[in-house]
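Student:
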Amino acid sequence: MAINSRKWLSIPLLATFLAFFLSMPSIALAAPLKLYPAVQIANSVSNVITDYPDWSGLDLTPMERQQLQGMMQRRNQDVAAILNLSQRQELQHQLHSGHNFHQALQALNLQPEQENLIQAIEQLTSLKIKAALARYALIH
0 MAINSRKWLS IPLLATFLAF FLSMPSIALA APLKLYPAVQ IANSVSNVIT
50 DYPDWSGLDL TPMERQQLQG MMQRRNQDVA AILNLSQRQE LQHQLHSGHN
100 FHQALQALNL QPEQENLIQA IEQLTSLKIK AALARYALIH
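Residues in the sequence shown are numbered consecutively from 0, following numbering that gives the first Met the number 0.
#1: Assuming isoleucine 81 contacts isoleucine 128 (C-beta within less than 8 angstroms), just tell me the rounded distance between them.
#2: Assuming leucine 94 and alanine 103 are in contact, meaning their beta carbons sit under 8 angstroms apart, how far apart are those beta carbons, in whole angstroms?
#3: Helix, strand or coil for asparagine 42? Go by DSSP, reduced to three states.
#4: Can arginine 64 and threonine 124 be called in contact, C-beta distance under 8 angstroms?
#5: How far does the alpha helix (DSSP H) with asparagine 75 in it reach, from first residue to last?
#6: Out of Asp58, Asn83, Ser96, which one is the CA nearest neighbour of glutamate 112?
#7: How should leucine 67 be labelled, buried or exposed, when 16 other C-beta atoms within 10 angstroms of its C-beta is the threshold for buried?
#8: Alpha carbon to alpha carbon, what distance is there between glutamate 121 and glutamate 114?
#9: Which residues in the same chain have their Cβ closer than 8 angstroms to the Cβ of leucine 59, if we skip the five residues on either side of it in sequence?
#10: Considering only the alpha carbon of each residue, which of Pro61, Gln76, Glu89 lies closest to leucine 109?
#11: Tell me whether glutamine 110 sits in a helix, a strand or coil according to DSSP, three-state version.
#12: Three-state secondary structure (DSSP) at leucine 57?
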């Protein structure tokens, strides 16, 4: 009798888990992570910058745009925390002279450890933006 009651308990439990996972579209739409070899991560500063998805042409609400801009500002703060005082001043000079953020970073004389940290920040920010854009696409 005890064996049959466990069998009957496992079927509703399995059905509950299945219904739970099928009702979560973010799990079904999640893209697999791209694994980069260590050689590619240790490349020069020209490869430090990752490509962000283009969100300029999307029909986003002001709140969604503000959230994306907040992600970019957080990236800027994290990168600035890695740089020393002279590098931050050079970055500001490059930005004020008309270069974009990526060009300004490439003009700096970064150490390999700084390049790796900036690479990680760029990848994390890119993933955050892609996740936010996917979430916005599911809402609209």
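Heads up, the beta-carbon is just placed ideally off N, CA and C, and yes, glycines get one too.
Tutor: According to the structure shown:
#1: The count along the sequence shown starts at 1 and reaches residue 81 at position 82. The count along the sequence shown starts at 1 and reaches residue 128 at position 129. That belief does not hold up - the Cβ atoms of isoleucine 81 and isoleucine 128 are roughly 20 angstroms apart, past 8 angstroms.
#2: For the purposes of this step, residue 94 is identified with residue 95 of the sequence shown, where counting begins at 1. For the purposes of this step, residue 103 is identified with residue 104 of the sequence shown, where counting begins at 1. 5 angstroms between Cβ atoms; contact.
#3: One-based indexing of the sequence shown puts residue 42 at position 43. Note on asparagine 42: pLDDT 41, under 50, position unreliable in the model; no value is reported.
#4: Against the sequence shown, residue 64 aligns to sequence position 65. Against the sequence shown, residue 124 aligns to sequence position 125. No.
#5: Walking along the sequence shown from the start, residue 75 turns up at place 76. 61-81 is the span of the alpha helix (DSSP H), which, as asked, contains asparagine 75.
#6: Position 113 of the sequence shown, counting from 1, holds the residue named residue 112. Per the Cα distances, Asn83.
#7: The count along the sequence shown starts at 1 and reaches residue 67 at position 68. Leucine 67 should be labelled buried.
#8: Here residue 114 corresponds to residue number 115 of the sequence shown, with the count starting at 1. Here residue 121 corresponds to residue number 122 of the sequence shown, with the count starting at 1. So the two alpha carbons sit approximately 10 angstroms from each other.
#9: Translated into the one-based positions of the sequence shown, residue 59 becomes position 60. Answer for leucine 59: Leu67, Tyr135, listed in chain order.
#10: As a first step, residue 109 is located in the sequence shown; it is residue number 110 there, counting from the start. Minimum Cα distance to leucine 109 is reached at Glu89.
#11: The residue you call residue 110 lines up with position 111 of the sequence shown. Glutamine 110 falls in the coil class under three-state DSSP.
#12: The residue you call residue 57 lines up with position 58 of the sequence shown. Here leucine 57 sits in coil by DSSP.
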